[in-house]
Amino acid sequence: MESKTILFSILAAIVALGIVVFQYFYKQKAKTKIHWYLAFLRFIGIFGLLLLLINPKFSQKSYTLEQPNLVLLVDNSVSNAKNKEELQNFIATIKANNDIKERFNLSQYGFGTDLEITDSLLFNDKVTNIHKALSSLKEVYAREQTVTLLLSDGNQTVGQDYSYFKPDPSTTIYSVVLGDTTKYQDISIGPVLTNTYAFLKNRFPLETYVSYQGKTAVSTVVSIKMDDQVIHREKINLSDQNNLKTITVQVDANSVGLKNLVVEASTLPQERNTANNKRSTRIEVIDEKTKIALVSNILHPDIGALKKSIESNEQREVVIMASNVPTEALDDIDLFIYYQPTSSFKRITDYIQDKGANSFFITGTHSDFNFLNSLKIGIEVENGYPQQEVFGVMNNAFSKYDISTFEMEDFPPLLSDAGPVLITSPFETLLGTQIKGVDMQEPLLMVVENANTKNAYLLGENLWKWRMQTFRNTGDFANFDAFVGNLIRYLTSSKNKARLNVDYEKVYEGSSNTIITATYFDEAFIFDTNAKMNIKVTDKATQKSLTNPMILKNGYFEADLSNLVAGEYDFLVTVENESRSASGTFVISEFDMENQFVSSNSRHMERVALNANGQAYYPSQLNDLLQELISGDRYVPIEKSNENIVSLIDFKILLVIIIMAFAIEWFIRKYNGLI
Numbered sequence: 001m002e003s004k005t006i007l008f009s010i011l012a013a014i015v016a017l018g019i020v021v022f023q024y025f026y027k028q029k030a031k032t033k034i035h036w037y038l039a040f041l042r043f044i045g046i047f048g049l050l051l052l053l054i055n056p057k058f059s060q061k062s063y064t065l066e067q068p069n070l071v072l073l074v075d076n077s078v079s080n081a082k083n084k085e086e087l088q089n090f091i092a093t094i095k096a097n098n099d100i101k102e103r104f105n106l107s108q109y110g111f112g113t114d115l116e117i118t119d120s121l122l123f124n125d126k127v128t129n130i131h132k133a134l135s136s137l138k139e140v141y142a143r144e145q146t147v148t149l150l151l152s153d154g155n156q157t158v159g160q161d162y163s164y165f166k167p168d169p170s171t172t173i174y175s176v177v178l179g180d181t182t183k184y185q186d187i188s189i190g191p192v193l194t195n196t197y198a199f200l201k202n203r204f205p206l207e208t209y210v211s212y213q214g215k216t217a218v219s220t221v222v223s224i225k226m227d228d229q230v231i232h233r234e235k236i237n238l239s240d241q242n243n244l245k246t247i248t249v250q251v252d253a254n255s256v257g258l259k260n261l262v263v264e265a266s267t268l269p270q271e272r273n274t275a276n277n278k279r280s281t282r283i284e285v286i287d288e289k290t291k292i293a294l295v296s297n298i299l300h301p302d303i304g305a306l307k308k309s310i311e312s313n314e315q316r317e318v319v320i321m322a323s324n325v326p327t328e329a330l331d332d333i334d335l336f337i338y339y340q341p342t343s344s345f346k347r348i349t350d351y352i353q354d355k356g357a358n359s360f361f362i363t364g365t366h367s368d369f370n371f372l373n374s375l376k377i378g379i380e381v382e383n384g385y386p387q388q389e390v391f392g393v394m395n396n397a398f399s400k401y402d403i404s405t406f407e408m409e410d411f412p413p414l415l416s417d418a419g420p421v422l423i424t425s426p427f428e429t430l431l432g433t434q435i436k437g438v439d440m441q442e443p444l445l446m447v448v449e450n451a452n453t454k455n456a457y458l459l460g461e462n463l464w465k466w467r468m469q470t471f472r473n474t475g476d477f478a479n480f481d482a483f484v485g486n487l488i489r490y491l492t493s494s495k496n497k498a499r500l501n502v503d504y505e506k507v508y509e510g511s512s513n514t515i516i517t518a519t520y521f522d523e524a525f526i527f528d529t530n531a532k533m534n535i536k537v538t539d540k541a542t543q544k545s546l547t548n549p550m551i552l553k554n555g556y557f558e559a560d561l562s563n564l565v566a567g568e569y570d571f572l573v574t575v576e577n578e579s580r581s582a583s584g585t586f587v588i589s590e591f592d593m594e595n596q597f598v599s600s601n602s603r604h605m606e607r608v609a610l611n612a613n614g615q616a617y618y619p620s621q622l623n624d625l626l627q628e629l630i631s632g633d634r635y636v637p638i639e640k641s642n643e644n645i646v647s648l649i650d651f652k653i654l655l656v657i658i659i660m661a662f663a664i665e666w667f668i669r670k671y672n673g674l675i
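Take the sequence shown: its letter number 374 is residue 374 in UniProt numbering, and every next letter is one higher.
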């Protein structure tokens, strides 16, 4: 209690005593025994009230003895199963040591993908994330004196490099290296990188790498197979200094379907772990041609140039037709190109507008701009202007797709009789217009997006000259063909507005990351959090099926299928009480990251311990580790004091005493007729 508070309390006692003396002894001449009782009660009441006004504070100190934490952080992954007996004996010895029990608060955690408190080790986690486990412990034991025993083979399969992990200053890490630390010769294949899809009769890239562990120079033969057919083979030389070789090949997609790709390296004479000599993936080859109608009533070199340019990609087919073609022939068309439209195009444009298909309008000296303006497609072109030569100017700010590789050097002018353009829909200019060296601030080629359609407009003819100039500049047509191809790809792509959408991979490398997600929207296209979704998965080999509910996450539904074995599966996602469903096929490849290592990673285990003021040990050094933990004063209990400040006003008994004092005084005075 502060001296100022003590002084006020003494002063309160003097004031209370003065009031009592004045009331009961100064005025009263007769002083009976009852007056002394009444004076005492009055003093207690007044003094109590004054103390409440002063509200002195009292401090209470308590002392506790805090022991340091000893955390057994055990690798519970598949790769540690071979060290099971050794590890269990090690842990049992530590837990049975009485000195350890007296000095530390002992706890045990297991980790693989995530950290969890456990006393039983199953060694069934299919990935190892040591960095995540150490980071989680850092949050659990923040600002507490903690000793962590990291028991692992040191082989991490996912996550950040744990060897650079830095704990709190109050934490020490001792690493215990499990397994065989001998370095053997080993060849391993890295991840096989390729596309998810490939188009028929196209080529797709495949890339991987071969790594080598060993001190002597070796050679191995790497072969790449697609559906058991060798498509590439090469011999590579590796050594201690040159221990990594990248393999990059272009593969022909000659047939439709799901293709199995296997990269395999021949085994070294003394190689112990051959499980990592092979890596596989899958790619789906699809035959999905885009059918494009080029509608024209005139003969012009542009028509042949456009057809050649568009069909340079074998996934596109161009059909040339007149405007009077039967509408039945238009049903399977994905994109319509109108070349110099006139009023004779009305029947076909009405049909296509009802269909909601995307279009590409190319105008020239034979176009009817009055008809074009009557279509109400987002642009209006003034007519009555003379024919003139117009040059194209690149718009580097175009954002719909990349046009930076298109070169227009020495391109000749196009011929046009179009006047100024009024655009009433959202648009972007791809090429601007230049006449006689003057930038007209008018578009020559532009794209216009409406609510459900995308259209492009080119206000000039003689595109064939641009294609020929490309050949003069480069010796091929690739520059122009790629420019037209990108525009066609943009116009043939459309947004997916399905209410049920499923996202998944065609190939999962191992089952640990087999996740399928789905989104479901109501009729207003708002994500429906109340929907109940189920997924049915069928093994193609055994035809056995299982049905599970999909779990609602943050803005999507998820199905975790990590318990499935390697194989090929069909799935069906359904919405309860709805007729909507989505299906697909995926493959889980036979790959286990935990079996890719031939020996323990002692170097990383030593580094993480040194970064945390600890040391690396081996199971045979258990006694040395126990001696380090028990002896000395590095890890001793800490006495901590806790001071609790309590205000007098918090003591409710004082208020009771004050009330009782005044009440008893009043009753005595009343009983004795003093009131």
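No residue lacks a Cβ here, since even glycine has one placed at the ideal position from N, Cα and C.
Small disclaimer: the values here were computed from a predicted structure and weren't measured.
Residue burial classification, residue i (beta-carbon count within 10 angstroms, cutoff 16)
i      : result
Ser579 : exposed
Val176 : buried
Ser425 : exposed
Ile303 : buried
Ser359 : buried
Asn496 : Residue confidence for Asn496 is low, a pLDDT of 48 falling below 50, so the modelled location carries little weight; the figure read from the coordinates is stated next. Per the 10 Å Cβ criterion, exposed.
Ser589 : buried
Leu299 : exposed
Ile659 : exposed
Arg233 : exposed
Tyr164 : exposed
Gln270 : exposed
Inter-residue CB distance, residue i and residue j (contact presumed, cutoff 8 Å)
i      : j      : result
Ile189 : Leu268 : Actually they do not touch by this definition, with Cβ atoms about 13 Å apart.
Val263 : Val222 : 7 Å
Trp464 : Pro301 : 4 Å
Glu66  : Ile638 : 5 Å
Val598 : Arg272 : 6 Å
Leu115 : Pro167 : Their Cβ separation, rounded to whole angstroms, is 14 Å, which puts Leu115 and Pro167 out of contact at 8 Å.
Tyr617 : Leu625 : 5 Å
Asn260 : Asp227 : 6 Å
Leu121 : Asn76  : 5 Å
Residue i (DSSP reduced to helix, strand or coil)
i           : result
residue 733 : What the structure shows of the chain is the stretch from 1 to 675, and residue 733 is not part of that stretch, so it cannot be assessed.
Asn496      : Model confidence at Asn496 stands at a pLDDT of 48, short of 50, so the residue's coordinates are unreliable and nothing is read from them.
Lys132      : helix
Tyr164      : helix
His35       : helix
Thr363      : strand
Tyr141      : coil
Ala457      : In the sequence as displayed, the identity of residue 457 is Tyr instead of Ala. It is a strand residue.
Ile333      : coil
Asp354      : helix
Pro443      : strand
Met550      : coil
Leu268      : coil
Asn577      : coil
Ile403      : coil
Under 8 Å between C-beta atoms of residue i and residue j
i           : j      : result
Leu445      : Leu422 : no
Asp153      : Gly179 : yes
residue 695 : Leu375 : Because residue 695 is not part of the residues shown, which for the chain are 1 to 675, the question remains open.
Thr146      : Asn97  : no
Ile377      : Asn455 : yes
Pro205      : Thr194 : yes
Phe571      : Ile515 : no
Tyr385      : Gly419 : yes
residue 691 : Ile630 : In the structure displayed, the chain extends from 1 to 675; residue 691 sits before or after that span and is not available.
Ile236      : Glu207 : no
Ser367      : Gln388 : no
Leu335      : Leu491 : yes
Near the ligand MG: residue i beta-carbon under 7 Å from a heavy atom
i      : result
Glu328 : As for the ligand MG, it is missing from this structure, which has no ligand bound.
(message) Quick test of the definition: if touching needs 3 or more C-beta pairs under 8 Å, does the segment 324-333 touch the segment 379-397?
(response) no
(request) Spell out a yes or no on whether the segment 314-322 and the segment 289-300 are touching, meaning 3 or more CB-CB pairs, one atom from each, closer than 8 Å. (result) yes
(message) Closer than 8 Å is the cut-off here; do at least three beta carbon pairs connect the segment 464-482 with the segment 250-259?
(response) no
(request) Taking 8 Å as the threshold, find out whether the segment 13-21 comes into contact with the segment 37-51 through three or more Cβ pairs. (result) yes
(request) Spell out a yes or no on whether the segment 235-247 and the segment 200-217 are touching, meaning 3 or more CB-CB pairs, one atom from each, closer than 8 Å. (result) yes
(message) Assess contact between the segment 68-83 and the segment 122-138, defined as three or more Cβ pairs (one per stretch) separated by less than 8 Å. Is contact present?
(response) yes
(message) Can you confirm whether the segment 431-443 touches the segment 340-356 when touching is taken to mean that 3 or more C-beta pairs between the two stretches lie within less than 8 Å?
(response) no
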